[in-house]
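Below is one structure, written out as structure tokens; comments come after it.
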Amino acid sequence: NDVILEVKNLKKYFPITGSLNNTVSQVKAVNDVSFSLIKGETYGLVGESGCGKSTTGRTILRLLEPTEGEVIYDGQNINKLKGNDLRNIRRELQMVFQDPYSSLNPRKRVGTILEETLKIHKMGNKKERTEQVMNILNKVGFQREHYYRFPHEFSGGQRQRIGLARALIINPSIIICDEPVSALDVSIQSQVLNLLEDIQQEFNLTYLFISHDLGVVRHISDRIGVMYLGKLVEESPTDELYTNPLHPYTKALLSAIPVPNPFVKREKIKLIGEIPSPVNPPSGCVFHTRCPFAMDVCKQDEPIMKTLDLEHKVACHLY
Ligand code: SF4
Ligand code: MG
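Be aware that the sequence shown starts at 18, since it is given in UniProt numbering, and climbs by one per residue.
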């Protein structure tokens, strides 16, 4: 397998200063996460809101500075890069956000906005840049006339295609998509997902696809990682995960959505209690306060990720 990006023991803690005795505590948003992306695949990162999946994506790109850990791309640890080296790596790793509209200057034409991205990266002369913008707009399904339109003249799905064009235009290897279709109507969602798949083929891209929506992630991912309270608790090829979920948390998430094959009997698990605070995550297994199978050992020892059959990995004392 051809690994393109390796995330090793990544941590992102946010300090919070309390007024009480000036105590300083930390939100452990990403708490020792490791996984790899294989060239050309889509890796889905799922979990409920607040589990740390978006923070993981942003920390990989160093839009947020990591607290600890390594992110290896092309033999280099991104977390150690500065200045030009960091800028060069940023050309290879791009991000598509849930709502691209907020980052599009309302007073500029879409063509100008896209061209500015090329300028920042010092790519091409004026004529080449215009050509490249027209070309990319075309790839995401627009015509020449759209170059001259303003962001407000586009619908939600169209704006998401502009966001994708802006990521694509500097020819990256990896795109991190953070909830790219969550704000869209279901009918528009599948159009954008299909476009993402076509673009991936054509441009030879690797995706890290972040979403809370298990249906969407299933549609687009080759492999899936499940996050809970800042930890990766399970990782598996997509079909295997949906037919044979192992971690009790994954089983609980899947219990809430319809079974794809009615002949496959899936254990139903209901989540009890609230998600604990990431300031004070539970000892041992972070899921033990809500797990119907919790044993004594779960309160003391943190389960390590084990690889079982079919590249299926799980961090749980049951296995
Ligand atoms: Fe449940 Fe224990 Fe497994 Fe955690 S390690 S998911 S508490 S059985
Ligand atoms: Mg998020």
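We put the beta carbon where it would ideally sit given N, CA and C, even for glycine.
* **Whether Glu-82 touches Asp-239 by CB criterion (7 Å)** => Asp-239 is positioned such that its CB atom lies no closer than 7 Å to that of Glu-82.
* Indicate whether the contact test is met: 3 or more Cβ pairs, each with one atom in the region 243-262 and one in the region 66-82, closer than 8 Å. => Touching, yes, given that three or more Cβ pairs across the two stretches are closer than 8 Å.
* Would you tell me roughly how many angstroms separate the C-alpha atoms of Val-127 and Phe-167, rounded to the nearest one? => Those two C-alpha atoms are separated by around 6 Å.
* Pick helix, strand or coil for Gln-43, following the three-state DSSP scheme. => Gln-43 sits in a strand when the DSSP states are folded into three classes.
* **Closer than 5 Å to ligand 1: residues, by C-beta to nearest heavy atom, in chain order** => Qualifying residues, in the order they occur: Pro-265, Cys-302, Phe-304, His-305, Cys-308, Phe-310, Ala-311, Cys-315, Pro-320, Cys-333, His-334, Leu-335.
* Asked: Do Ser-51 and Lys-29 have their CB atoms nearer than 7 Å?
  -> No, Cβ-Cβ distance for Ser-51 and Lys-29 is not below 7 Å.
* Asked: From Ile-193, Pro-254, Lys-156, pick the residue whose C-alpha is nearest to that of Asp-215; which is it?
  -> Per the Cα distances, Lys-156.
* Asked: How would you write the range of the alpha helix (DSSP H) that Phe-220 sits in, first residue to last?
  -> 203-220 is the extent of the alpha helix (DSSP H) around Phe-220.
* Whose C-beta lies closer than 7 Å to the C-beta of Thr-306 among residues of the same chain, with five residues either side of it excluded? -> Hits under 7 Å: Gly-290, Pro-293, Pro-299.
* **Gly-158 and Val-209 closer than 7 Å at C-beta** => When the beta-carbon positions are compared, Gly-158 and Val-209 stay at least 7 Å from each other.
* Residue from Gly-141, Ser-190, Asp-49 with nearest C-alpha to Thr-84 -> Out of Gly-141, Ser-190, Asp-49, the CA that lies nearest to the CA of Thr-84 is found in Asp-49.
* Who are the near neighbours of Ile-237 in its chain, counting only those whose CB is closer than 8 Å to its CB and skipping five residues on each side? -> Counting only residues of its own chain and dropping the five nearest sequence neighbours on each side, Ile-237 has a CB closer than 8 Å to the CB of Thr-59, Gly-61, Leu-210, Leu-213, Glu-214, Tyr-224, Phe-226.
* Asked: Where does residue 2 fall in DSSP's three states?
  -> This structure cannot settle anything about residue 2, because the visible part of the chain is limited to 18 through 336.
* Compare the C-alpha of Ala-311 against each of Pro-265, Ile-89, Lys-330 and name the closest. => Considering only alpha carbons, the answer is Pro-265.
* **Straight-line gap, Leu-53 to Lys-268 (C-alpha atoms, nearest Å)** => As written in the sequence, residue 53 is Ser, which differs from the Leu given in the question. Those two C-alpha atoms are separated by around 23 Å.
* Within the chosen definition, does the region 318-334 reach the region 249-261 through at least 3 CB pairs nearer than 8 Å? -> Counting C-beta pairs closer than 8 Å gives three or more between the region 318-334 and the region 249-261, which meets the contact rule.
* Asked: Does the beta-carbon distance from residue 338 to Leu-222 come in below 7 Å?
  -> What the structure shows of the chain is the stretch from 18 to 336, and residue 338 is not part of that stretch, so it cannot be assessed.
* To do: Note down, one range per segment and in chain order, each beta strand (DSSP E) of at least 3 residues found wholly within the region 223-247.
  => As summarised for the region 223-247, the continuous beta strand (DSSP E) elements at least 3 residues long and confined to that stretch are 223-228, 240-245, given in chain order.
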